[in-house]
Amino acid sequence: MRRLLTSIMLFLGAKHVAAQAPIGQIITGCSDPGTIALTFDDGPSVYTPQLLDILSANGVKATFFIVGGGWRGAIDDWSTQWPSILQRIHNEGHQLASHTYTHADLSSLSWDAMHAEVGNNENAFMNVLGFFPTYIRPPYLSCSGACMDMMNNMGYHVINVNVDTKDYENTDSSMIWVSKQKFEAEVWGGNIVLAHDIHEQTVVSLTQFMIDTLRARGLRPVTVGECLGDWGEGWYRGGR
C-alpha cells in the first residue's frame, strides 16, 4: 500500500512539475519521445471544421495556433463562424494557442507593438472563451532577444518546430506529395510538426497521411501540452 501511495505521489508530482514547461525559452521538440505534436497555424479558416471532423474520426488531439485578426477578420466577431469554431476546438479537447493578432514578425516591432500583438490576441480569446492561452508560436518562427524577454515577462511557453511540412509551398493537389514525403522522412519521435489549416490540401490529404504514418510507426499524435507533460493544467489563464 505504501509503495502504491508513493508511486501515485511521484506520478502527481512529476505531472505537476512537467506542467511547468519552460517559460520564455524556445521549445522545439517534445519531452516524450513516443509522442508527436501535430500543430496547425494561422486558423481558424473555412477548412478548420473539416479538419476537426478528421481528427475526431481518428481520435486525435492537436494544437491550433490561432491568429486573432488579420485578413480573415476577428475571431471575436460574433457575426462570423469564427467564435463557434474556437468553441468547438476547445470543447473537443484540442489545445488552443496564440499566433499573435495579425501575424506580424515580432522581431521587427517595437516593444509596445509586440505587446499589442500578443495582448490583443489575449483579449480576443477572452471575449470568446473567457480565458487565453499560455502557449504561443511567434509568426515566421521569429522572436528576437527583446521578443523573448517580453514572452518571459508575459509568462508564455514559446513553441517552435523541428518538422516543417512546408505545406504552404505545396498547396496544390499535384504538389502535396512533397509535404507528405518530407513528413515521412523527418518524423521519428518527439517531434513538433508544423502544418496550416488554412490550406485545403493540408486538411483533405496531408492530415490523414500524417496520422496513418505515425500510427504505423507506433507513435502517438498529441497536443503540444501533452507532448511536454502538461495535460491541460497549464494551457490557459484567466479562468475557464
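Residues -19 to -1, 1 to 221 (mature numbering (1 follows the signal peptide of the UniProt record, and there is no 0)) make up the sequence shown, in order. Ideal placement from N, C-alpha and C gives every residue a C-beta, glycine not left out. Computed from a predicted model, the values in this text were never measured in an experiment.
| task | Determine the DSSP secondary structure at Thr115, reduced to helix, strand or coil. | result | coil
| request: Can you check DSSP and say which residues form a bridge with Ala55? | output: Answer by DSSP bridge pairing: none, since Ala55 is not bridged.
| task | Determine the burial state of Arg(-18): buried for a count of at least 16 other Cβ atoms within 10 Å of its Cβ, exposed for fewer. | result | With a pLDDT of only 36 at Arg(-18), under the threshold of 50, the placement of this residue in the model should not be trusted, and no figure is reported.
| task | Report the three-state DSSP secondary structure of Ile70 (helix, strand or coil). | result | helix
| said: My output table needs one value for Ala2: the three-state DSSP class, helix, strand or coil. | reply: coil
| said: Please report the distance separating the alpha-carbon of Gln189 from that of His71. | reply: 21 Å
| Under the three-state DSSP convention, the category Ile(-12) falls into | Any answer about Ile(-12) is weak, because its pLDDT of 35 lies below 50 and its placement is not dependable; what the coordinates show is given next. If DSSP states are grouped into helix, strand and coil, Ile(-12) belongs with the helices.
| request: Label Ala38 either buried or exposed according to how many other C-beta atoms from any shown protein chain fall within 10 Å of its C-beta, with 16 as the threshold for buried. | output: exposed
| query | What residues are listed by DSSP as bridge partners for His177? | reply | Asp22
| said: I need the DSSP call for Glu189, collapsed to helix, strand or coil. | reply: A small fix is needed here, since residue 189 is Gln in this sequence, not Glu. Gln189: helix per DSSP, three-state reduction.
| field | DSSP state of Tyr82 mapped onto helix, strand, coil | value | In the structure shown, the three-state DSSP call for Tyr82 is coil.
| Does the Cβ-Cβ distance between Asn134 and Gly49 come in under 8 Å? | no
| If Arg53 sits next to Ser12, beta carbons under 8 Å apart, how far is it from one beta carbon to the other, in whole angstroms? | Not quite, the Cβ-Cβ distance comes to about 33 Å (not below 8 Å), so this is no contact.
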